[in-house]
Amino acid sequence: MAELSVEGLSAAYADRPPVVWRADLTLTAGALLGLAGESGCGKSSLALAALGYLPGSMVLLEGASRLDDVDLLGLPSKERRALWGSRLAYVGQNAATSLNPALTLGRHLVQALKRRGSSGQHPARERAAEALREVGFDDPDPLLTRYPHELSGGQQQRVALALALVGSPDVLLLDEPTTGLDVTTQAQISKLIRRLVDDRGLAALYVSHDLPLLAGMADELAVMYAGEIVEQGPAAEVVQTPAHPYTRALMDVVPDARGQHRSQGIPGTPPPHAVLNACAYAPRCPRARSECTDDAIPLESIATHWSARCLFAKPTRAARAASESAARATSGEPVLDISGLSCEHRGRRGAVLAVSDVSLRVHAGELIGVIGESGSGKSTLLRAIAGLHQPKAGDIRLRGRLLARTVRGRAREQRRLVQLVFQNPDSSLNPRQDVATLIGHPLHLFCPHLDAQALRARLDELLEAVRLPIEILRRRPAELSGGQKQRVALARALAADPDVLLCDEVTSALDVSVQATIADLILTLARSRQLAVVFVSHDLALVRSIAERGIVLRGGVVRERGPLGTLIDSPKDPYTRALVASIPRLPSAAAEVAPAR
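For the sequence shown, our numbering gives the first residue as 211, with consecutive numbering after it.
The structure is reproduced here in structure tokens:
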């Protein structure tokens with residue numbers, strides 16, 4: 211999976227002041243980074259430099275642009291050109307100017323394929339037709355004999371995309387590709403680009419002055435002004451609650467289709483180059499103070515994965531929560547520290563890797579969500595932590611001490627400190643025993659010194675903790691509801707007084723109301739007892755309601771990790787996006803139903 215990293219890049223035209231100043235960007239596979247700002251702010255210059263292309267008299271002052279470990283700007287010209295069109299692709303604003311009016315579309319594509327190493331006329335024509343089909347032409351064969359001027363603007367832009375993608379690039383740069391198109395065609399092209407990024411796992415940079423457009427398709431958004439990045443963070447959050455006054459001003463000038471306010475332009479114009487000793491936006495900023503022009507303003511973090519170049523930038527409430535969560539997650543020694551854990555399932559056809567190189571840290575009082583579909587390795591991961599499935603590789607540490615890979619190899623105290631609550635209490639609770647016996651068993655095992663009176667007091671305390679009545683002690687599992695049985699399973703796990711609580715799909719068999727109650731109970735227990743909780747579920751909405759951070763598993767591999775709000779609101783991995791898209795939502799009409807009187 212390719213990654214393009216721009217590191218401290220500064221560039222200028224000839225001996226003029228810089229047009230790009232110390233820019234940092236990272237493009238990751240399957241994610242789209244939006245780059246926004248007014249004309250003349252350096253967006254296109256930065257984007258082209260990121261590809262290793264310095265147009266005209268532009269010179270590199272400092273920094274690098276690395277494709278994986280290769281510095282593009284440090285390569286000899288011939289080697290750099292070999293990457294353009296193969297691993298690196300570019301789509302410009304005006305497709306008509308990039309297409310030769312004397313060549314048919316088929317000739318364009320065949321020539322592009324031959325330059326990328328495809329030989330033979332017929333295979334190339336077949337691939338040309340397939341390239342057009344991929345960008346939305348249902349019947350591409352007749353188009354191969356047509357000329358660019360016979361196409362609409364939207365069709366020309368699709369052809370430009372097809373030309374960019376025939377070399378199977380890793381990185382795609384799009385410079386205002388929908389500017390000048392009507393809103394319907396613009397939406398179609400944008401949706402197509404998003405699909406291509408997801409399907410091909412492209413690392414994409416989308417340059418545009420249209421913030422609402424970027425908010426609808428980008429994972430992350432960077433805003434440029436006078437050659438500097440002034441704000442960068444999750445696209446949806448940056449647009450909804452901008453931290454920098456310039457981003458706010460850009461949002462304020464967006465026309466309101468509902469007519470609730472009249473769009474006003476931003477007074478003044480951007481300087482044509484970077485301002486190195488002050489805030490470049492200060493002359494146009496209504497919040498500017500004298501200290502804004504005293505010195506250069508650094509780009510500083512205001513929340514997790516969110517930064518702004520402003521002395522008065524403030525994160526949103528959600529961003530503050532994410533930031534505080536991250537601070538808790540990284541402060542002090544973790545209770546549970548999993549490093550490079552891999553597990554196999556063995557069968558008649560050999561071993562199948564169920565968990566691959568998973569690392570995870572959980573602190574006291576923290577609840578971490580592990581999300582994924584059935585068969586993604588979630589339960590295997592929990593069983594390995596509990597010592598019920600022997601890992602192939604990796605370490606599990608409890609408060610800094612290495613745990614044996616199987617429960618048999620662990621001391622009794624170590625077994626006490628890690629407790630697992632299974633998905634189905636009907637399978638984990640002995641149907642012949644009453645609740646008092648079920649909960650009392652771990653008390654006898656781990657607290658043999660308790661007399662009858664102390665034992666009863668402990669039972670009462672545990673029932674109160676899981677919000678069950680005392681009279682339930684004499685009942686058997688068959689006499690309990692699903693929610694009550696799961697509370698009994700929780701109480702039995704808590705009876706050991708653990709440091710780590712592992713919850714394996716503990717709400718999946720419950721109705722929605724009971725699900726929420728059990729999930730809230732687990733969160734309350736995590737905080738009140740300072741438990742390190744790993745909560746496995748396929749239900750993203752439920753996990754988000756209780757967890758602060760999470761990981762997304764697919765095929766045993768961590769596809770994405772981070773604050774739950776960011777994972778769900780701004781997912782970067784295509785698999786995470788698919789999970790988010792599958793979250794059931796109420797129809798909008800439901801919100802319009804009047805409440806009963």
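Backbone N, C-alpha and C fix where the C-beta goes; we use that ideal spot for every residue, glycine too.
{"Query": "Residue from R697, A788, V301, R556 with nearest C-alpha to E583", "Result": "A788"}
{"Query": "Contact check, I648 vs L655, beta carbons under 8 Å", "Result": "Residue identity differs from the one stated: residue 648 is Leu in this sequence, not Ile. Cβ atoms of L648 and L655: not closer than 8 Å."}
{"Query": "Alpha carbon of A167 to alpha carbon of E360, nearest angstrom", "Result": "In the structure as shown, the chain begins at 211 and stops at 807. Residue 167 is therefore absent and cannot be evaluated."}
{"Query": "Environment of P422 [buried if 16+ CB atoms lie within 10 Å]", "Result": "exposed"}
{"Query": "Residue environment, D661, which counts as buried when at least 16 other CB atoms sit within 10 Å", "Result": "exposed"}
{"Query": "Three-pair Cβ contact test at 8 Å for the stretch 313-328 versus the stretch 287-300", "Result": "yes"}
{"Query": "Cβ contact (3+ pairs, closer than 8 Å) linking the stretch 224-243 and the stretch 477-493", "Result": "yes"}
{"Query": "Enclosing alpha helix (DSSP H) for R494 [first to last residue]", "Result": "Neither: R494 is in no alpha helix (DSSP H) and is coded neither H nor E."}
{"Query": "Burial state of D429, where buried means 16 or more other Cβ atoms lie within 10 Å", "Result": "buried"}
{"Query": "Ranges of the beta strand (DSSP E) found wholly within the stretch 266-340, counting only runs of at least 3", "Result": "268-277, 298-301"}
{"Query": "Cβ-Cβ separation, L712 to L777 (assumed contact under 8 Å), whole Å", "Result": "About 20 Å; that fails the 8 Å criterion."}
{"Query": "Distance CB(V746)-CB(K588) smaller than 8 Å", "Result": "yes"}
{"Query": "Every unbroken beta strand (DSSP E) within the stretch 698-730, with a cutoff of 3 residues, ordered by chain", "Result": "710-714"}
{"Query": "Residue range of the unbroken beta strand (DSSP E) whose run includes I439", "Result": "438-444"}
{"Query": "The stretch 238-246 touching the stretch 403-422, judged by at least three CB pairs closer than 8 Å", "Result": "yes"}
{"Query": "8 Å contact criterion, which I682 and L669 should meet: CB distance rounded", "Result": "Not confirmed; about 10 Å, so no contact."}
{"Query": "Neighbourhood of I337 by C-beta, 6 Å cutoff - its chain only, sequence neighbours within 5 removed", "Result": "In the sequence on display, residue 337 carries Arg and not Ile. L323, listed in sequence order."}
{"Query": "Nearest neighbour of A260, chosen from L283, G250, D278, P477 [CA to CA]", "Result": "L283"}
{"Query": "Rounded distance between the beta-carbons of C553 and Y435, thought under 8 Å", "Result": "The Cβ separation is near 49 Å, so there is no contact."}
{"Query": "Rounded straight-line distance, which links the Cα of R697 to that of R685", "Result": "13 Å"}
{"Query": "Inter-stretch contact (C-beta, 8 Å, three-pair minimum) for the stretch 449-458 and the stretch 491-505", "Result": "yes"}
{"Query": "With 16 other Cβ atoms within 10 Å as the buried cut-off, status of E447", "Result": "buried"}
{"Query": "Nearest-angstrom Cα separation, counted from D234 out to L277", "Result": "14 Å"}
{"Query": "Touch test, the stretch 436-444 against the stretch 511-520, Cβ-Cβ under 8 Å, three pairs minimum", "Result": "yes"}
{"Query": "DSSP three-state assignment for I399, whether helix, strand or coil", "Result": "helix"}
{"Query": "Endpoints, the alpha helix (DSSP H) within which F656 is located", "Result": "645-656"}
{"Query": "In DSSP terms, what D385 is bridged to", "Result": "V417"}
{"Query": "Coarse secondary structure for V229, derived from DSSP in three states", "Result": "strand"}
{"Query": "Straight-line Cα distance separating A292 from V320", "Result": "18 Å"}
{"Query": "Three-state secondary structure assigned by DSSP to G262", "Result": "coil"}
{"Query": "Pair within 8 Å by beta-carbon distance, L704 and L735", "Result": "yes"}
{"Query": "Contact set for Q396: own chain, Cβ-Cβ below 6 Å, skip 5 residues either direction", "Result": "T388"}
{"Query": "Rounded separation between Q365 and D380 - CA only", "Result": "24 Å"}
{"Query": "Where Y357 falls: helix, strand or coil (DSSP)", "Result": "coil"}
{"Query": "3 or more residues per run - each beta strand (DSSP E) lying fully within the stretch 548-631", "Result": "560-572, 577-581, 603-608, 628-631"}
{"Query": "Any non-hydrogen atom of the ligand HEM within 7 Å of V676 CB", "Result": "Ligands are entirely absent from the displayed structure, and the ligand HEM is therefore not among its contents."}
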